[in-house]
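Note sheet for the following structure.
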Amino acid sequence: MTARPQIAIVGAGVSGLTCGVLFAERGFSVTIFAEQIGSATTSGAAGALWFPYDAEPAHKVIPWGLATYRTLADLAKDPRSGVSMIDLRQYCRAGKIEAPDWARGFGTDEAAEPLASFASGFSVRVPLTDTTIYLDYLIDRFQKSAGKIKANTRCEKLEDLECDLVVNCAGIGARELARDVDLEPHRGQVAIVPKIGNLTCAIVCDDAPLMYVIPRTNDCVFGGTNDVSNNVNPEPETTKAIVAECSRVLNIDKPRILRERVGLRPFRKSGVRLEKEKLRDGRSVIHNYGHGGSGFTLSWGCAQDVFELAGR
Ligand SMILES: Cc1cc2nc3c(=O)[nH]c(=O)nc-3n(C[C@H](O)[C@H](O)[C@H](O)COP(=O)(O)OP(=O)(O)OC[C@H]3O[C@@H](n4cnc5c(N)ncnc54)[C@H](O)[C@@H]3O)c2cc1C
């Protein structure tokens, strides 16, 4: 019997952990190397609704997204996963917004309940991954299948990793690791506030000022921003503006702020990079980064393609 290849994954955000689970549960020996783990990564700052946003190209993003939708909808049947199904109400401030074609069949409603601040909207039922639960759930699944995690480990060169195959899920870190000048940090800031009364749907408006409200198991995410910037520190003025706009839309008093989070969405101008290439020493690396504002939305579809590329 030939031994299965040893896999080294760089990154323990949603992309690295999902790939880790997929390989480890199929019997591969997998080690994840990462500076930060789970909730400490950009993935831990995400609202993490399923919805394709700020990622290219559409002809790949939509199929990866639809594959991920199916897996997350299955996971929503397991309360331990932190995944649930939620009504996402998407609004615009002027004109008429319509549900995209690919959303048909997801319990789409052409007219979301009217909200005074918006001109029109639609509603669609989508998976929501509560990052405070889901990332630990992935880590747990990975470790239960004998996956190993080397935390606080910075990888300077992909060639340094001792393994048969490298999977690069470094998010914005791939700028240095893969010397990729196409990556652009799309900075997002959010405020975490206590649960809002009986709010059970997510409210999103992509028109400026970008705003979203996402009720989770134990709290609520108020967002947001999307600017090209490397600043990973929360800006107090931005938090104030986010909380003011979300409270105005919900027609509530401004809630207490529990936490502020910032993450750098790994947007790649030429599109998500999911491809196999040779390292200088002849071994292979599969790159899986550049998911922009859709890392959760694409996670399982991309991990499946990484797995298939590994076998070729
Ligand atoms: C405010 C905000 C809201 C968002 N909302 C959504 C949403 O609703 N839905 C959605 O689908 N997506 C959303 N996103 C986008 C999503 O968070 C990202 O696409 C996703 O987190 C990218 O995951 P990743 O695992 O590829 O990268 P990351 O989560 O950034 O993880 C990268 C990993 O690589 C490690 N790493 C990097 N370089 C090195 C190195 N040299 N050596 C060792 N380790 C390294 C890091 O430590 C980390 O572990 C949002 C993002 C933000 C910021």
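In this text, residue positions in the sequence shown follow this note's numbering: the first is 7, and each later residue adds one. C-beta atoms are modelled at their ideal positions from N, C-alpha and C, and glycine is treated no differently.
- At a Cβ-Cβ threshold of 8 Å, Asp311 and Leu285 do not count as neighbours.
- At least 8 Å separates the beta-carbon of Val67 from that of Ala73.
- Relative to ligand 1, the beta carbon of Arg222 is positioned no closer than 7 Å to any heavy atom.
- Collapsing the DSSP output to three states places Tyr75 in a helix.
- Residue pairing from DSSP places Asn294 in a beta bridge opposite Leu280.
- Of the candidates Gln12, Pro63, Leu78, Glu266, the residue whose Cα lies closest to the Cα of Val20 is Leu78.
- For Thr37 against Lys163, the beta-carbon gap comes to about 16 Å, at or over 8 Å, which does not count as contact.
- Fully contained in the stretch 114-158 are the following alpha helix (DSSP H) runs of length 4 or more, in chain order: 137-150.
- Following the DSSP letters along the chain, one finds Phe228 in no alpha helix (DSSP H) but inside the beta strand (DSSP E) bounded by residues 226-229.
- Pro272 and Gly194 do not touch by the CB rule: their CB atoms are close to 11 Å apart, not below 8 Å.
- Secondary structure note for Leu183: its alpha helix (DSSP H) is the uninterrupted segment 180-183.
- Between the beta-carbon of Arg95 and that of Gly44 there is about 29 Å, and that puts the pair past the 8 Å contact cut.
- Taking the Cα of Tyr143 as reference, the smallest distance to any Cα among Gly88, Lys102, Leu270, Ala100 is reached at Gly88.
- Relative to the non-hydrogen atoms of ligand 1, the Cβ of Phe39 comes within a distance shorter than 7 Å of at least one.
- For Ala316, the shortest separation between its Cβ and any heavy atom of ligand 1 does not lie below 7 Å.
- With contact defined as three or more Cβ pairs closer than 8 Å, the stretch 168-185 and the stretch 291-305 are in contact.
- For ligand 1, no non-hydrogen atom lies closer than 7 Å to the CB of Arg262.
- Residue pairing by DSSP places Gln195 opposite Val268 in a beta bridge.
- Here Ala214 is exposed, its C-beta having fewer than 16 other C-beta atoms within 10 Å.
- Asp311: member of the alpha helix (DSSP H) spanning 301-316, first to last residue.
- When C-alpha distances from Leu134 are compared across Ala180, Phe148, Ile209, Leu315, the shortest belongs to Ile209.
- Nearest to Val238 by C-alpha distance, out of Thr303, Glu266, Asp287, is Glu266.
- The shortest C-alpha to C-alpha distance from Asp166 to any of Ile202, Leu141, Lys275, Phe39 is the one to Phe39.
- A direct Cα-Cα distance of roughly 18 Å separates His297 from Gln42.
- DSSP places Ser35 in the uninterrupted beta strand (DSSP E) bounded by 35-43.
- DSSP places Ala51 within a helical segment (H, G or I) once states are collapsed to three.
- Phe29 has its CB no nearer than 7 Å to any heavy atom of ligand 1.
- The Cβ-Cβ distance between Val255 and Leu121 falls below 8 Å.
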